[in-house]
Amino acid sequence: MITPAIVRQAVGNALEGVSATVVAAGVVDGLPVLPAIVVGMPAWDHREGTFCLDEWTVPVAVVSPAAGTSPTAELAQLEELWPQVAQHLIDVTEADQTLGGLVGNCGVKGSEFGSYDVQGQSFPCVIINIEILG
Numbered sequence: 408m409i410t411p412a413i414v415r416q417a418v419g420n421a422l423e424g425v426s427a428t429v430v431a432a433g434v435v436d437g438l439p440v441l442p443a444i445v446v447g448m449p450a451w452d453h454r455e456g457t458f459c460l461d462e463w464t465v466p467v468a469v470v471s472p473a474a475g476t477s478p479t480a481e482l483a484q485l486e487e488l489w490p491q492v493a494q495h496l497i498d499v500t501e502a503d504q505t506l507g508g509l510v511g512n513c514g515v516k517g518s519e520f521g522s523y524d525v526q527g528q529s530f531p532c533v534i535i536n537i538e539i540l541g
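Residues 408 to 541 in this note's numbering are what the sequence shown lists, from first letter to last.
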């Protein structure tokens, strides 16, 4: 069985080359420089009876600054950035579904709008979910 660290490493490696963003893995300690991409802790599902393949879902949060004095501009920045990150992840996972041999198979599953909380502050984000079989 692969581990959460391997899963996060594989997704973090896939995000190399995304410009004008910060890639952070796991829990952010302190306020990140925004906009940022945060690779969250993967969720795991044991898929009994499917050739011993476990399913991992990795949330990749594209986080923008909090809507403060200019919420329209900050949300516009998020609306511009997250499709670029999603397309980058689609391109990388379609080119190499094993992410360099670290996982069995992977692909972009979908996205959802939400918020990312850091030290009691909420920031708007879009969470892109990567599905990994391994």
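Yeah, the Cβ is synthetic: ideal placement off N, Cα and C, and Gly gets one too.
- A Cβ-Cβ distance of about 6 Å is found for the pair V418 and I537, placing them in contact under the 8 Å criterion.
- The three-state reading of DSSP puts P531 in strand, counting E and B together.
- The continuous alpha helix (DSSP H) containing G419 extends over residues P411 to A421.
- Per DSSP, reduced to three states, the secondary structure at T479 is helical.
- No Cβ-Cβ contact shorter than 8 Å links G508 with N420.
- In the DSSP assignment, the residues bridged to P466 are N536.
- Between the region 495-506 and the region 444-451, the count of Cβ pairs shorter than 8 Å is below three; the stretches do not touch.
- Judged by DSSP secondary structure, G521 falls within the beta strand (DSSP E) whose first and last residues are N512 to V525.
- In the structure shown, A502 adopts helical secondary structure according to DSSP, grouped into three states.
- Relative to the Cα of A473, the nearest Cα in the group D452, L485 and T464 belongs to L485.
- Around the beta-carbon of S471, 16 or more other beta-carbon atoms lie within 10 Å, marking it buried.
- In this structure, T500 places its C-beta atom within 8 Å of the C-beta atom of G514.
- Per the C-alpha coordinates, the member of A468, N512, G517 and T410 positioned closest to W451 is T410.
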